[in-house]
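S.K.: Sending over a structure as structure tokens; questions will come in a sec.
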């Protein structure tokens, strides 16, 4: 067979192989080990095919508005659907109660109807979910500034998680911690304008990152490279250091108090009840316990100074593994319904 005939056949065979692999990976991804499956689907990503775009001036991620896609994490799949603000709410959602938080409240791993917001709606609460995966106070405060006047909530449930300080540390410089840009009205209004302009939405990576085959191969190579690297001394995670290293804690806690204080002030001015919920998962890991103790003490003292209600979820999680997703740790449908019932009782006292 001549080279002229062989090359087209090889090209066609390669194309069929790649297309078959792409189709197969889209079917197989939920069954892959999490280390492979999560990055092959890369739901929580600003790369092409992910649910986020990047706002470069703030360094923050935002969900595409009016979006619908299947998402995957740790073998759990769900439909990610957003409203015109890029937030996970069904059409015509009320906003008497506003939920602020991260992936726990967003509804990671479950369908929207089985999220905390969905469970509260079944109990006749008019709820609007402002929570997104990976958000800390920086993102939450900006979303609050952007949409508070539109939503006009009567009550806000603010869910704080122990790794929030680490999220802030990864986003803000020491100068920004001392002088938070989020407190500047011009900074917020500039962000508002960018969010309405699709041309301002940035992605990371390359156009070919949207293909599962590319992601799968890249993840395999990355995992292999990690295995080939020699081990080193233990290094604490960023969120651990942000709570346990005094110099870092001082800067981040000061920033936290400035943003939280402004939010509490706005709520008081407009007659909105602000309730702080400490998502203490009652972990038995010694390092986690130590960090949780520091964070809970800080949060409860902050609430006392601001004269706000503080609710801990430690008793809710302790001894109840049946409430979390297998191999994940986020709440399952039963856990979200139980949490809805718990919060209804707590907030009505």
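Numbering (our numbering), first residue to last: 290 to 638.
Where is the CB? At the ideal position from N, CA and C, for every residue including glycine.
Treat the numbers as computed from the prediction; the structure is a model and nothing was measured.
1. On the three-state DSSP scale, how would you describe residue 341?
2. Would you report the Cα separation of residue 340 and residue 358, rounded to the nearest angstrom?
3. Under 8 Å, with one C-beta from each stretch per pair, do the region 535 to 552 and the region 423 to 430 reach the 3-pair mark?
4. Along the chain, where does the beta strand (DSSP E) that runs through residue 493 open and close?
5. Could you give the distance in angstroms between the alpha-carbon of residue 563 and the alpha-carbon of residue 444?
6. State the Cα-Cα distance for the pair residue 523 and residue 312, rounded to the nearest angstrom.
7. Apart from the five residues just before and just after residue 430, which ones in its own chain have a Cβ nearer than 7 Å to its Cβ?
8. Only counting the same chain, and skipping five residues up and downstream in sequence, which positions put a Cβ closer than 6 Å to that of residue 581?
9. Assuming the contact rule is C-beta atoms closer than 8 Å, residue 435 and residue 387 should be a hit. Round their C-beta distance to whole Å, please.
10. What does the alpha-carbon distance come out to for the pair residue 528 and residue 415?
11. Work out the CA separation of residue 297 and residue 404 for me, nearest whole Å.
12. Between the region 342 to 351 and the region 485 to 492, are three or more C-beta pairs nearer than 8 Å?
13. DSSP state of residue 400, grouped into three classes?
14. What separation, rounded to the nearest whole angstrom, lies between the Cα atoms of residue 501 and residue 330?
15. For the region 590 to 608 and the region 371 to 381, state whether three or more C-beta atom pairs, one from each stretch, are separated by less than 8 Å.
M.R.: Concretely, from the data shown:
1. Taking the chain shown and counting its residues from 1, one reaches residue 341 at position 52. If DSSP states are grouped into helix, strand and coil, residue 341 belongs with the strands.
2. If you number the chain shown from 1, residue 340 lands on position 51. If you number the chain shown from 1, residue 358 lands on position 69. Rounded to the nearest angstrom, the two C-alpha atoms are 8 Å apart.
3. yes
4. Sequence index remark: in the chain shown, residue 493 carries index 204 (1-based). Taken as a continuous stretch (DSSP letters only), residue 493 belongs to no beta strand (DSSP E), as it is neither H nor E.
5. Stepping through the chain shown from its first residue, residue 563 is reached at position 274. Stepping through the chain shown from its first residue, residue 444 is reached at position 155. Their Cα atoms are separated by approximately 6 Å.
6. As a working note, residue 523 is residue 234 in the chain shown. As a working note, residue 312 is residue 23 in the chain shown. Only weak support is given to the placement of residue 523: the predicted model assigns it a pLDDT of 47, under 50, and the value that follows is read from those uncertain coordinates. Rounded to the nearest angstrom, the two C-alpha atoms are 40 Å apart.
7. Residue 430 sits at position 141 when you count from the first residue of the chain shown. Answer for residue 430: 471, 548, 552, listed in chain order.
8. As a position in the chain shown, residue 581 is number 292, starting the count at 1. 451, 569.
9. By 1-based counting over the chain shown, the position of residue 435 is 146. By 1-based counting over the chain shown, the position of residue 387 is 98. Actually they are not in contact, since the Cβ atoms of residue 435 and residue 387 sit about 12 Å apart, beyond 8 Å.
10. Locating residue 528 in the chain shown gives position 239, where the first residue counts as 1. Locating residue 415 in the chain shown gives position 126, where the first residue counts as 1. Distance between the alpha carbons of residue 528 and residue 415 is about 34 Å.
11. By 1-based counting over the chain shown, the position of residue 404 is 115. By 1-based counting over the chain shown, the position of residue 297 is 8. One C-alpha to the other measures close to 51 Å.
12. Contact holds: three or more Cβ-Cβ distances are below 8 Å.
13. Residue numbering aside, residue 400 sits at position 111 when the chain shown is read from its first letter. Residue state, collapsed to three classes: coil.
14. Within the chain shown, residue 501 is the residue found at index 212, counting from 1. Within the chain shown, residue 330 is the residue found at index 41, counting from 1. Answer to the nearest angstrom: the Cα atoms are 7 Å apart.
15. Touching, no, given that fewer than three Cβ pairs across the two stretches are closer than 8 Å.
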